[in-house]
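Enquirer:
There are 2 protein chains.
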Amino acid sequence: MIKANDPTLKSWVNVPKGSDFPIQNLPFGIFKAHNHSPAAGVAIGDHVLDLVYLQQHGYLNELDLPGGIFDQKYLNDFFALGKQKIRAVRERISELLRDDNDTLKGHKTDREAALKSLRDVQMQLPVRIGNYTDFYSSEEHATNVGSMFRDPKNALLPNWKHLPVAYHGRASSIVVSGTAIHRPKGQIKLPDSEQPVYCPSRKLDFELEVAFITCRETQLGQSIHTHQAEDYIAGFVLFNDWSARDIQQWEYVPLGPFLGKNFGSTISPWIVTLDALEPFRVQGPEQYPHVLPYLSYEGDKNFDIVLEVLMKSEHADETTVCRSNFKYMYWNVNQQLAHHTVNGCNIQVGDLYASGTISGPSPGSYGSLLELTWNGQRTLHMADGTERTFIQDGDTVIMRGHAEKNGVRIGFGDCSGKIIAAY
Amino acid sequence: MIKANDPTLKSWVNVPKGSDFPIQNLPFGIFKAHNHSPAAGVAIGDHVLDLVYLQQHGYLNELDLPGGIFDQKYLNDFFALGKQKIRAVRERISELLRDDNDTLKGHKTDREAALKSLRDVQMQLPVRIGNYTDFYSSEEHATNVGSMFRDPKNALLPNWKHLPVAYHGRASSIVVSGTAIHRPKGQIKLPDSEQPVYCPSRKLDFELEVAFITCRETQLGQSIHTHQAEDYIAGFVLFNDWSARDIQQWEYVPLGPFLGKNFGSTISPWIVTLDALEPFRVQGPEQYPHVLPYLSYEGDKNFDIVLEVLMKSEHADETTVCRSNFKYMYWNVNQQLAHHTVNGCNIQVGDLYASGTISGPSPGSYGSLLELTWNGQRTLHMADGTERTFIQDGDTVIMRGHAEKNGVRIGFGDCSGKIIAAY
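Residue numbers (the numbering used here), protein chains in the order written: chain U, 187 to 609; chain L, 187 to 609.
1) Please confirm if U/Tyr-322 has its CB atom under 8 Å from at least one CB of chain L.
2) Looking at chain L, is there any beta carbon in it that lies within less than 8 Å of the beta carbon of U/Ile-255?
3) Applying a beta-carbon distance threshold of less than 9 Å, which residues of chain L neighbour U/His-243?
4) Ignoring anything shorter than 3 residues, give me the beta strand (DSSP E) runs that lie fully in the segment 558 to 598 of chain L, in order along the chain.
5) Given a cut-off of 8 Å, decide if U/Asn-262 and U/Arg-314 are closer than it, judged by their beta-carbon atoms.
6) According to the Cβ coordinates, are U/Asn-426 and U/Cys-601 closer than 8 Å?
7) What are the start and end residues of each continuous beta strand (DSSP E) run of 3 or more residues lying completely inside the segment 417 to 453 of chain L, in chain order?
8) What distance in whole Å lies between the Cβ atoms of L/Val-361 and L/Tyr-322, which are believed to be in contact at a cut-off of 8 Å?
9) Taking only beta carbons into account, state which residues of the segment 515 to 547 of chain U come closer than 8 Å to chain L, listed in chain order.
10) Mapping DSSP to helix, strand and coil, what is U/His-368?
11) Looking only at DSSP bridge pairs, what is L/Asn-200 linked to?
12) Answer yes if the segment 499 to 512 of chain L comes into contact with the segment 563 to 572 of chain L, meaning at least three C-beta pairs across the two stretches below 8 Å, and no otherwise.
13) With L/His-327 as the anchor, note down where its alpha helix (DSSP H) starts and where it stops.
14) Where do the ends of the alpha helix (DSSP H) carrying L/Val-519 lie?
15) Relative to the alpha-carbon of L/Pro-207, which residue among L/Phe-576, L/Leu-481, L/Val-458 and L/Leu-251 has its alpha-carbon at the smallest distance?
16) Rounding to the nearest angstrom, what Cα-Cα distance links U/Tyr-318 and U/His-354 in this structure?
17) Note down, in chain order, all residues in the segment 426 to 439 of chain L with a beta-carbon under 8 Å from any beta-carbon belonging to chain U.
18) Using 10 angstroms around the beta-carbon of U/Asn-221, count the other beta-carbons present and answer buried if the total reaches 16, otherwise exposed.
19) Taking beta-carbon pairs under 7 Å, can you tell me which members of the segment 481 to 512 of chain L lie near chain U?
20) Less than 8 Å between CB atoms is the rule here; does L/Ala-176 satisfy it with respect to chain U?
21) Report the residue from L/Gly-530, L/Pro-213, L/Trp-198 and L/Tyr-239 whose alpha carbon sits nearest the alpha carbon of L/Phe-422.
22) Which of the three DSSP states, helix, strand or coil, is assigned to L/Arg-278?
23) Identify whether U/Met-187 lies in helix, strand or coil by the three-state DSSP scheme.
24) So which residues on chain L does U/Gly-364 lean against when the C-beta distance must stay under 7 Å?
25) Compute the distance between the beta-carbons of L/Gly-536 and U/His-368, then report whether it is under 8 Å.
26) Alpha carbon to alpha carbon, how far is L/Trp-428 from L/Asp-581?
27) Give me the chain U residues within the contact set of L/Gln-373, using Cβ-Cβ distance strictly less than 7 Å, ordered along the chain.
28) Over what stretch of residues does the beta strand (DSSP E) that includes U/Lys-218 continue unbroken?
29) Of all the CB atoms in chain U, is at least one closer than 8 Å to the CB of L/Gln-473?
30) Spatial neighbours of L/Thr-559 within its chain, please: CB distance less than 7 Å, with the 5 preceding and 5 following residues excluded, ordered by chain position.
31) On the DSSP bridge list, what partners appear for L/Pro-386?
32) Relative to the C-alpha of L/Lys-196, which residue among L/Leu-282, L/Ser-409 and L/Gly-562 is closest?
33) Any Cβ of chain U within less than 8 Å of the Cβ of L/Ala-357?
34) So, with DSSP's three-state summary, where would you put L/Ile-255?
35) Could you compute how far the alpha carbon of U/Gly-485 sits from the alpha carbon of U/Tyr-516?
36) So which residues of chain L does U/Val-361 contact, with C-beta pairs closer than 8 Å?
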């Protein structure tokens, strides 16, 4: 285990009990303080550590970083330095924040200037996302959808267990947690009508996903092997792939989801590094039929990350509507990246690759309202006494995720979005 | 008609007979001269006019352009100035190149420095493409594909005449004409096998398309009306959406094309402005059933652009394999952009929106080998005596397009790519 993950480490920065951001996490993000430009930072407890300030004041000198690498709107240029450099920065930040290290702790001016309360900053989209791919890698989710819309006896299509099915999504409409999303309008074909109608979606849904973000590029024609894949992955975010089920159902044959998805997707602001998640690796499910050699892998490539979805209407308390886990994924991220590039498709720094809805085996672990209410046939009971089949205007959907072991909790922070009325 | 389109205009720059780039065209691109940075230019005859040089030497002063706007790797920042500015630059270039205008013509040093032979420069990808969408807007193409793989009596799916079907493609793998493409490898399910195999594609195809590029952004939640759509469109390029039919067929259910497409797409280097194409507007096909109001439009929104595809094996002559026309499109670009944004999906500057394969009514006008050979059932005869059903290693596919009227020919230049062996 690398040093920064040591469960005995304590920080001189106060980390409240239950915080997603202990010294063992140190995720990267882009924050904006009032009257300041966006800048790169690291979360610690209820604070963000300003990497621009640290670099400018010499605290990162030994790392030989390009000048101004953190004084940017996005993390892309920093990530492009590669995994070794990202790791070195996280290790150095870990040193600076340790209880027994006086370097920053002992310098009142720098300490106070470099540490900003998360309450006083606005988190931004952390990377400029050049390409966004959405996989469909949860067997339970694919089985539920196949049972609902096709045949429960042959819920999975013939290709599903041979390759990680995926499609390209819209990069422009990915927004950071906290951004309100307008209910989409579009064409809907009602069951009792010959013609489609144009109206706001009546079946607005969330999809609980985890996404990885790349920190290394390939050239067109090159492929990434499963055992190399982690060199290309900086870390993970939570991802809400908002979906308008009625728009999707009418439009999606034969070329896949389009307007039912591309009106907005929400990501959590902090990129939790693969390094921070090392202690939480678990074995993936057995894959049968056996996969082709280019999809074979060795080692533990799944991650035990508890995921939950909460909903709240305005002025009401949160209601937990789903508890799932990232470990349920049938296809792991190494396989996803190997498959994506097996044909020579090139990867860029800052690409986002989402898992697809992560459903578990029990009904309470389904990662979408489509599955939780079985396409509106069941209702969910909210804390304020109201009921839901799909999302109503004014509802906020919050996704949370964390891994926990030996008293260390590595979390993502909220991935939250409110649905507001159609324009 | 705006001045720059006047068919009587002549340039003091020699424009060979049959050139795609007379003074009435003036498309924008990014070129790279030996030992120079990439720069924006305008094509005229066999030359490129260097916009960086013109701006630096005061020829564009009256336009009040930001400094260094052409001294860039991509046209995005220039396009973001909007249609009025793009139009003003094209008008000014038109003035400077007119036979009767002595401003640049009369200044030997500047004239010789600003005009570079196209033979001496390398054309680059003209825009940084943030988002790429591929439509499916040719009725003949959709009918052919539906007849081949589904039911000739119900070839079009129920949604096809109600909305311009589309899907998101991969932006990272779009390359400029002249870039070689490796034959993709991937999973293929052979008809006589239970299991998929991993091998290079055996059914590699081209798709003849035209794409538009945007020059104005919208915010998430906003929609573009059909009558506003042209304010967002800078111009057009030719587009080859290379397709591996065997990979596509196994992977595409239920989420659409992915690895069968994203190993590479080729665009022609010059963005021909919507302004230059004004004289070639024609009426589109009657649309029945009537479209929903948000898709209704007024005026002539199709363009009479002759398109052709040629193939050549190494050291052999070109063989014309298809002659089609952009005017065949069922859904026009105004409808495409209105539909794409009806749900609030946001548009960015430099997005690329491709038409989908453009097939005409006669077999010789089909825009893909899939249709021309009816999925390999017929063969095409090449000039060197060989035969093709799909593309072989070493084959080059060249797409050309031009509009012609009153002795003026507005063309695109070549959209060319050679297929080389799988890695």
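Here a beta-carbon is modelled for each residue, glycine too, at the ideal position from N, C-alpha and C.
Expert: Reading off the structure:
1) Numbered from 1 along the first sequence, position 136 holds the residue referred to as residue 322 of chain U. So, interface residue.
2) Here residue 255 of chain U is taken as the residue at index 69 of the first sequence, counted from 1. So, not an interface residue.
3) Here residue 243 of chain U is taken as the residue at index 57 of the first sequence, counted from 1. Under the 9 Å cutoff, chain L gives no residues; its nearest Cβ is about 32 Å from U/His-243.
4) The beta strand (DSSP E) runs lying completely inside the segment 558 to 598 of chain L and spanning 3 residues or more are 582 to 591 and 594 to 597, given in chain order.
5) What you label residue 314 of chain U is simply residue 128 of the first sequence in a count that begins at 1. What you label residue 262 of chain U is simply residue 76 of the first sequence in a count that begins at 1. Yes, they are a contact pair.
6) Translated into positions along the first sequence, residue 426 of chain U becomes position 240. Translated into positions along the first sequence, residue 601 of chain U becomes position 415. Against a cut-off of 8 Å, the Cβ pair of U/Cys-601 and U/Asn-426 comes out as a contact.
7) Segments of the beta strand (DSSP E) lying fully in the segment 417 to 453 of chain L: 419 to 426 and 451 to 453.
8) Numbered from its first residue, the second sequence carries residue 322 of chain L at position 136. Numbered from its first residue, the second sequence carries residue 361 of chain L at position 175. Between the beta-carbon of L/Tyr-322 and that of L/Val-361 there is about 22 Å, and that puts the pair past the 8 Å contact cut.
9) Cβ contacts with chain L: His-525, His-526, Val-528, Asn-529, Gly-530, Cys-531, Asn-532, Ile-533, Gln-534 and Asp-537.
10) What you label residue 368 of chain U is simply residue 182 of the first sequence in a count that begins at 1. Residue state for U/His-368 is assigned as strand, using DSSP reduced to three classes.
11) For the purposes of this step, residue 200 of chain L is taken as residue 14 along the second sequence, with counting starting at 1. Paired residues: none, contrary to the question.
12) These segments touch.
13) Taking the first residue of the second sequence as position 1, residue 327 of chain L is located at position 141. L/His-327: member of the alpha helix (DSSP H) spanning 325 to 335, first to last residue.
14) As a working mapping, residue 519 of chain L is identified with position 333 in the second sequence. Per DSSP, L/Val-519 belongs to the alpha helix (DSSP H) from 519 to 527.
15) Here residue 207 of chain L is taken as the residue at index 21 of the second sequence, counted from 1. Rather than Pro, the amino acid found at residue 207 of chain L in this sequence is Phe. Answer by Cα proximity: L/Val-458.
16) What you label residue 318 of chain U is simply residue 132 of the first sequence in a count that begins at 1. What you label residue 354 of chain U is simply residue 168 of the first sequence in a count that begins at 1. When rounded, the distance between both Cα atoms is 6 Å.
17) Within the segment 426 to 439 of chain L, the qualifying residues are Ala-430, Ile-433, Trp-436, Glu-437, Tyr-438 and Val-439.
18) The residue labelled residue 221 of chain U in the question sits at position 35 within the first sequence. By the Cβ neighbour-count rule, U/Asn-221 is exposed, with fewer than 16 other Cβ atoms within 10 Å of its own.
19) Cβ contacts with chain U come from no residue of the segment 481 to 512 of chain L.
20) Chain L is shown from 187 up to 609; residue 176 of chain L falls before or after that span and cannot be answered.
21) For the purposes of this step, residue 422 of chain L is taken as residue 236 along the second sequence, with counting starting at 1. Nearest of L/Gly-530, L/Pro-213, L/Trp-198 and L/Tyr-239 to L/Phe-422, Cα basis: L/Pro-213.
22) In the second sequence, the residue the question calls residue 278 of chain L occupies position 92. Correct three-state label for L/Arg-278: helix.
23) Within the first sequence, residue 187 of chain U is the residue found at index 1, counting from 1. Its pLDDT being 49, under 50, U/Met-187 is placed unreliably in this model, and the value from its coordinates should be taken loosely. In the structure shown, U/Met-187 adopts coil according to DSSP, grouped into three states.
24) Your numbering for residue 364 of chain U matches position 178 in the first sequence. Within chain L, no residue comes near U/Gly-364; the closest Cβ sits about 13 Å away, beyond 7 Å.
25) Translated into the one-based positions of the second sequence, residue 536 of chain L becomes position 350. Translated into the one-based positions of the first sequence, residue 368 of chain U becomes position 182. Cβ distance not < 8 Å, so L/Gly-536 and U/His-368 don't count as in contact.
26) Your numbering for residue 428 of chain L matches position 242 in the second sequence. Your numbering for residue 581 of chain L matches position 395 in the second sequence. Each residue's Cα considered, the two are about 13 Å apart.
27) Here the question's residue 373 of chain L lines up with position 187 in the second sequence. Think of a sphere of 7 Å around the beta carbon of L/Gln-373: the chain U residues whose beta carbon falls inside it are His-348, Leu-349 and Leu-478, in chain order.
28) Locating residue 218 of chain U in the first sequence gives position 32, where the first residue counts as 1. DSSP places U/Lys-218 in the uninterrupted beta strand (DSSP E) bounded by 214 to 219.
29) Here residue 473 of chain L refers to the residue found at position 287 when the second sequence is read from its first residue. False, the Cβ-Cβ gap to chain U never drops below 8 Å.
30) The residue labelled residue 559 of chain L in the question sits at position 373 within the second sequence. Excluding sequence neighbours, L/Thr-559 sits near Thr-565, Leu-566 and Thr-575.
31) Here residue 386 of chain L refers to the residue found at position 200 when the second sequence is read from its first residue. Per DSSP, L/Lys-371.
32) Stepping through the second sequence from its first residue, residue 196 of chain L is reached at position 10. Among L/Leu-282, L/Ser-409 and L/Gly-562, the Cα nearest to that of L/Lys-196 belongs to L/Leu-282.
33) Reading the second sequence from its first residue, position 171 is the one you call residue 357 of chain L. The beta carbon of L/Ala-357 falls within 8 Å of a beta carbon belonging to chain U, placing the residue at that interface.
34) For the purposes of this step, residue 255 of chain L is taken as the residue at position 69 of the second sequence. Here L/Ile-255 sits in coil by DSSP.
35) Translated into positions along the first sequence, residue 485 of chain U becomes position 299. Translated into positions along the first sequence, residue 516 of chain U becomes position 330. Approximately 15 Å between the Cα atoms of the pair.
36) Taking the first residue of the first sequence as 1, we reach residue 361 of chain U at position 175. Residues of chain L passing the Cβ test: Leu-406.
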